[in-house]
Every structure is written in C-alpha cells, then in structure tokens.
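Structure first, then comments.
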Amino acid sequence: MLSLQVSCLCGSAPCLLCACCPSAKNSTVSRLLFTFFLFLGTLVSIIMIIPGVEKELHKLPGFCEGSGSVLGVQTHVDCGSFLGHKAVYRMGFAMAAFFFLFAAIMVCVRSSKDPRAAVQNGFWFFKFLVLVGITVGAFYIPDGAFTSVWFYFGVVGSFLFILIQLVLLIDFSHSWSQLWLRNAGESNAKGWYAALCIITFIFYATSIAAIVLLYVYYTKPEGCTEGKVLISINLILCFIVSAVSILPKIQDAQPHSGLLQASLITLYTIYVTWSALANVPTQTCNPTLLVRNSTGLAMATQPLTTWWDAPSIVGLIIFILCTLFISVRSSDHPQVNKLMLTEESAAGAGGEAAAVESGLHRAYDNEQDGVSYNYTFFHLCLLLAALYIMMTLTNWYRPDESLQVLRSPWTAVWVKICSSWAGLLLYLWTLVAPLVLPDRDFS
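If you count by mature numbering (1 follows the signal peptide of the UniProt record, and there is no 0), then the sequence shown holds residues -18 to -1, 1 to 425, one letter each, in order.
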C-alpha cells in the first residue's frame, strides 16, 4: 500500500483514493488535483495580502530596499502598503506560468497511451516542486516594468475568464430549466412549475433591488454620468433579452427557453455592473473607494486596499464554483465538453469494472482510447482563472506614480462592462441562433 502511494506521488501510477471513496476516473482525479494547486496558490495569495502578514514581507530581500522603484513607485515612499499586492502579482505570475507550462507540454495529447498523459495524471510531488520553484523564482523578478505589464496580462486574462464564466452560466441555466420542465412533464406535478416561478421571481426581485441600490450608492443627482449611463444601458439590455426569451417564435424554436435563464443572466449582469462601478476611480461616485483608501497625505503610509470588500468576496465565490464546475463536470456535461473541445470517451468502462472487481478504491484509466477532455485547453482555463483571481484579490488596482497610491484605472471598469455586454450578446445569440440557422442542431 505504501509503495503504491509513493508511486502516485513520484511516478505515473494512478492515485489511490481513501478507503471510503469509490473508484473514480483518472481524468477527474487529475483535474481536481490541478484545481487544488490553483486553490492552494489562491490561499497563499490571500494570506500574503493580510495586513499582518504583509508587514512580514519587508524581511524578504529586495522587496523594499535599494534604489529604484517598487511597483513603479519611488522607494522613498513607505512601500509597506504595496507589498501585499506585489506578492499577489508574483504568485499570480507563478500560477499562470505553471499552467502555461503544462498547456504547452500537453498539446495534441490524444489518449493515455501518449507518454505525456502519464505526466498529466501522475508525478504530483514533482509537480508541486515545480510550482514551488516557479513561485520562489517569481519573487526575484526585478520590479522595473513587470507590474505595469503584468497588470494588462491580468486584465486580458480576467476578461476571457469572465466570458468562460458566462458560457458556463448560460449552459447551467438552460440545463436547469430543461431539468425542471422535464420533471414537471414526467410527474405531471405543478410543484415544479411553481418552483420555476418562485426562483425566477427571486432572481428578478434581487436584480431590481440591486439596480436601485446601484443608483442610490454609485450615482449622484448632479454628476456621476458614467455610472448612470452604464447602469441604464445594462438595465435596458437585460429587459431586451428577457423579452426576447419569451417571444412566440423563440418558444417554438426552443421550448425550454424562458425567464429562468434570463433572470439568472440578468442577476449575473447586475453583479458584473456592480463590480465595475466598484472600480470607478472617482471617490464621489464610488463609496467603496472611500472605504478602501485613506485620506490626505497619510495615504502613502497606510494600507490602501483590502481584498475582502463585497464585490471581491462575491467574485471569489463565483471563481471557486466556476473552477470546480470545470474540474468536476467537464467530462460529464455535454456543453462543458464542447467548451473543452472534446467529447467524453467511451473508453474506461473496462477499467472501472476491473477496479470494482479488485476491490481497490483507486483512479482507473478511462482514456485509453481517447482523452475525455482537452488537456491544453483545461490548463489554459486554469491559467485564466489564476489571472482572474490575481486581479480580484488586488481589486484591479495598480500604483499611481503621481499620487503615490494604488488606484483602480478606468481600464478595469470598461473591461468588466464590456464582458457583461459580451455575455448578454452571447445569451441573445443562444436564443436567436435556431431561427437564424434552422438547419443546425442546437439541442
């Protein structure tokens, strides 16, 4: 037993599961372990940005010593307020580099017969050492232009990950509606219809309440024109997609289309709008900024930001759920399979039967005839997730050289708003596509 566990950590043998666990697919176990690495890096980032731990980062060589700059800010400024963000950027770079490395290695792996599949599904101890090594090396990257350049990498990666979240959310909402409507039809029970109506009402009521709060807290009677325009545009767009979802022609083409999906997309759009407004750099139009920042000249010597404001906490929860969904369901869910650019292989049935017969609780090889997910695309998704959580934990802030503070640029606002528009257009396309392309199967 001990030798098998060692082979799991240091070799390509399938990992044993705990005695109370059933046999599992090798592909599922591998995805979960890579996701665990991502969550571990996220936890380290959270710890490093805590003010008490942040102060201890002064002891690391080169972080606040010597001439030059720290995150683009001259070193005569007390850079204690920047250390946490600097550490999170380094940790985000390390995780992104780690997943990029495996994305490059796993290009065009077709089955577990490929020698590289053994690297994907084993050698976990060595993978951990690689991640630790990259992380240590990342903390020795000279400041220079690193932070400003890596900020824009984070912006682009976060935008793409938000789009992935939207794709999964749209698919989840369609699957949810289809399941409940199917249950209602099979059982001939009105309770399922009532549940659909109640959930839809809750989503819309929450969205309306959130919109009112956004107008109250993020706009002023005189001024804050950008906030008013952005909230109003997204409100109108949400109303349009909700109306389109129940049009007779849409209902004929997609009987399962309805307000449940539209209400969930609306709620998520309002959240993204809230998150964007929380990055508006104008204090009079952003009460969150007043909480995050100190006032006066003391701004340069006090902690300027915290990651645990409400939009960031919600973003962290969505990040965890989305990443787990990709990891657990990507071989079992048809639409996620399409996102992963492959289909579930029928191989592995024999491996499952053998594992059950042997009585061993272990991961069996289900990819002998073909991989159940695209290895490279999976790692790219985790790379984008690493960039997204990096930006979330730092509130999309970057240093301002003139004011010597961390500021949230308008770039963050527009990236989030544009992602919300892209999500609404994508959902609208899923509604009208069967009418525009009647010859294609959208089931």
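Ideal Cβ positions, reconstructed from N, Cα and C, are used throughout, including at glycine.
Predicted model only: the values in this text are computed from it and were never measured.
- Contact annotation: Leu375 and Ser27 have beta-carbon atoms nearer than 7 Å.
- Burial is judged here by how many other beta carbons sit within 10 angstroms of a residue's own beta carbon; Cys206 has at least 16 and is buried.
- The straight-line gap separating the alpha-carbon atoms of Leu419 and Leu407 is approximately 17 Å.
- Inter-residue distance for Leu83 and Ala76 is about 11 Å (C-alpha atoms, whole angstroms).
- Phe108 is classed as exposed because its beta carbon has fewer than 16 other beta carbons within 10 Å across all chains shown.
- Bounds of the alpha helix (DSSP H) holding His156 are Phe128 to Ser169.
- Rounded to whole angstroms, the separation of the alpha carbons of Trp106 and Val353 is 19 Å.
- The stretch 230 to 244 makes no contact with the stretch 188 to 207, as fewer than three CB pairs between them are under 8 Å.
- Approximately 12 Å separates the beta-carbon atoms of Thr251 and Tyr186; this is outside 8 Å, ruling out the contact.
- Judged by their CB atoms, Ala120 and Arg72 are nearer to each other than the 7 Å cut-off.
- Within 10 angstroms of the beta-carbon of Leu14 lie fewer than 16 other beta-carbons, which makes it exposed.
- In the structure shown, Ser93 falls within a coil segment according to DSSP collapsed to helix, strand and coil.
- DSSP places Asp351 outside both helix and strand once states are collapsed to three, so it counts as coil.
- Under the Cβ criterion (8 Å, minimum of three pairs), the stretch 355 to 368 does not count as touching the stretch 220 to 234.
- In the structure shown, Pro420 falls within a coil segment according to DSSP collapsed to helix, strand and coil.
- When secondary structure is reduced to three states using DSSP, Met88 falls in the coil class, being assigned neither helix nor strand.
- Cα atoms of Leu413 and Ala244: separation of roughly 10 Å, rounded to the nearest angstrom.
- Secondary structure at Lys202: coil, using DSSP grouped into helix, strand and coil.
- Here Gly173 is exposed, its C-beta having fewer than 16 other C-beta atoms within 10 Å.
- When secondary structure is reduced to three states using DSSP, Asp291 falls in the coil class, being assigned neither helix nor strand.
- Pairing Leu369 with Phe135, the inter-Cα distance amounts to about 8 Å.
- A distance below 7 Å between beta-carbons, with the five flanking residues on each side excluded, links Arg98 to the following residues of its chain, in chain order: Ile87, Met88 and Val91.
- The C-alpha of Phe80 lies about 29 Å from the C-alpha of Asp291.
- If the five residues before and after Pro203 are omitted, its C-beta is found closer than 6 Å to no C-beta atom of its own chain.
- With 16 or more neighbouring CB atoms inside 10 Å of its own CB, Gly23 falls in the buried class.
- Annotation for Thr207: the continuous alpha helix (DSSP H) segment containing it runs Thr207 to Ser227.
- Just so you know, the alpha carbons of Tyr197 and Glu168 end up roughly 44 Å apart.
- In its chain, beyond the 5 residues on either side, Val395, Lys398 and Ile399 have a beta carbon closer than 6 Å to the beta carbon of Ala258.
- DSSP places Gly119 inside the alpha helix (DSSP H), whose first and last residues are Trp106 to Ala120.
- Excluding its 5 nearest sequence neighbours in each direction, Asn103 has C-beta neighbours in its own chain below 6 Å: Asn8 and Ser12, listed in chain order.
- It is roughly 36 Å from the alpha-carbon of Asn377 to the alpha-carbon of Cys179.
- Bounds of any alpha helix (DSSP H) do not take in Thr264, whose DSSP letter is neither H nor E.
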